[in-house]
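Report on the following structure.
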Amino acid sequence: MKERQLAHHAALVEAAIASGHAAKSAVVASWCRSSRFHQLDPAGSRPPLRLTEAELGRAREKAAPLLQAARPVMDRLYQAVGAAGCCVLLAAQDGVPVERRGSPADDATFESWGLWTGAIWSEEHEGTNGIGTCLVERRPLTIDRDQHFFTRNTLLSCTAAPIYDQDAKLAGVLDVSSCRADRTEAFTDLITLAVGEAARRIEADMFRAAFPKARIVLVPAFDGHGGGLLAVDADDLVIGATRSARAALGVAPDRAFQPIPAADLLGGVGAGLEQFSDSERGVLQRALLRARGNVSAAAKALGVSRATLHRKLKRFGLKPD
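In terms of the numbering used here, the sequence shown opens at residue 667 and continues consecutively.
As structure tokens, this is what we get:
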């Protein structure tokens, strides 16, 4: 890249930062973070920092559940986009790719650009980029060519989507990157759909693996929110929910999930209508949860005496909180 081009991009970035347009543009806002908060220079020429092999090994161990769920999904995604000169990266929550798919014919090019396992793509180190900015903004996005902060990254086009674990916490980012100059807007739109769908599949597989003994229930999409998954135990208590399910049902995503009777969460039959049956233990548990462990309130809701409820709790080995 010619020196004039390097200076031109750096000047554009500095001018945009000085313009005060950060409130109107997510890209300019990221450029501001890169320059002012992380003290990066858009004309900087150092290559991406990289972990040692030992450090990468530890990062992979830490991300083991994510990797297990992601590998088959990455294989399918790469089959769809690899022939178009793209590579697929899975980055952990610190912005370090821990898994990659790419064509051997393109490996030398991608490795020279840092699109490789062990490279550090956090916004703190690389400025505005697909992986790092996705981690900061926690939304699907594309950072295309000169939207990157560093001039040396302006040949890249990167589409990324966040991945959330079974506790609705950010686990990593799935990214499809290309160095090809002929990547069109229409193709980028297709990549965006494919990456988003693949990220949701990884989330679903992680969720199922985290609740192997539970029934997995699909939450329909409504009110502008995508559907999600719930884990329901043998007592009809919801013991887990994906981030999208929490959003759809109005459950705070940033709090530890507390078991909730499925009927309560999904708007089904209320506690006062439940009767004792073969699933009596589940009925008792749900009544106690609704009453926040208050035995008198639970007994009243179930239409039995406090003494009767105590006997049944003892029978099933249940204790009020």
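For glycine and all other residues, C-beta sits at the position ideal for the given N, C-alpha and C. Remember, predicted model here, so these are calculated numbers, not experimental data.
- Counting of Cβ neighbours within 10 angstroms places A774 among the exposed residues, the total staying below 16.
- In this structure, the CA atom of Q813 is about 13 Å from the CA atom of E789.
- Here T783 is buried. Its C-beta has 16 or more other C-beta atoms within 10 Å.
- Your pair A965 and L975 checks out as a contact, with CB atoms roughly 4 Å apart and the cut at 8 Å.
- I882 has A897 as its beta-bridge partners, per DSSP.
- Taking the Cβ atoms as the reference, S696 lies roughly 24 Å from T850, outside the contact range of under 8 Å.
- The segment 684–736 contains, as complete alpha helix (DSSP H) runs of 4+ residues, the segments 692–698 and 719–728 (chain order).
- Beta-bridge analysis with DSSP links E765 to L756.
- Scanning its chain for C-beta atoms nearer than 8 Å, with the 5 sequence neighbours on each side dropped, one finds around A911 the residues V885, G893, G894, L895, L896 and V917, in chain order.
- Only residues of its own chain outside the window of five on either side were considered, and among them V961, S962 and A965 have a CB closer than 8 Å to the CB of R972, listed in chain order.
- When the beta-carbon positions are compared, T825 and D848 stay at least 8 Å from each other.
- By the Cβ criterion, the segment 924–931 is in contact with the segment 945–957, since at least three pairs of Cβ atoms, one from each stretch, lie closer than 8 Å.
- Put simply, the segment 851–859 does not touch the segment 877–884. Fewer than three CB pairs are less than 8 Å apart.
- In the three-state reduction of the DSSP assignment, D848 falls in the coil class.
- P738 sits in a helix when the DSSP states are folded into three classes.
- Taking the Cβ atoms as the reference, A865 lies roughly 19 Å from G906, outside the contact range of under 8 Å.
- Boundaries cannot be given for T908, as no beta strand (DSSP E) includes it and DSSP labels it neither H nor E.
- Taking C-beta atoms under 8 Å as the contact rule, G751 and S844 qualify, at a distance of about 6 Å.
- Secondary structure note for D930: its alpha helix (DSSP H) is the uninterrupted segment A928 to L931.
- A straight-line Cα-Cα distance of about 7 Å links V949 and D901.
- Beyond the five residues adjoining it in sequence on each side, L722 comes within less than 8 Å, by CB distance, of V762, V764, T783 and G784 in the same chain, given in chain order.
- Here I797 has A757, G761, W787, A826, V839 and D841 as same chain residues with Cβ atoms under 6 Å from its own Cβ, once five neighbours each way along the sequence are excluded.
- Taking each of V861, L743 and A746 in turn and checking the Cα distance to C800, the smallest one comes out for V861.
- Between Y830 and R742 a beta carbon distance of about 20 Å is seen, past the 8 Å cut, so the two are scored as non-contacting.
- Going by C-alpha positions, L821 is about 14 Å away from E792.
- DSSP, read as helix, strand or coil, puts S971 in coil.
- Taking the CA atoms as reference points, V898 sits about 24 Å from A736.
- DSSP places T825 in the uninterrupted beta strand (DSSP E) bounded by S823 to Y830.
- Among the bridge pairs identified by DSSP, D871 is matched with none.
- Look at V842 here: in three-state DSSP terms it is strand.
- Judged by DSSP secondary structure, I797 falls within the alpha helix (DSSP H) whose first and last residues are G796 to E803.
- Going by DSSP, D773 is part of no beta strand (DSSP E) but of the alpha helix (DSSP H) stretching over D773 to W779.
- The C-beta distance from A676 to P714 rounds to 18 Å, too long to fall under 8 Å, and the pair is not in contact.
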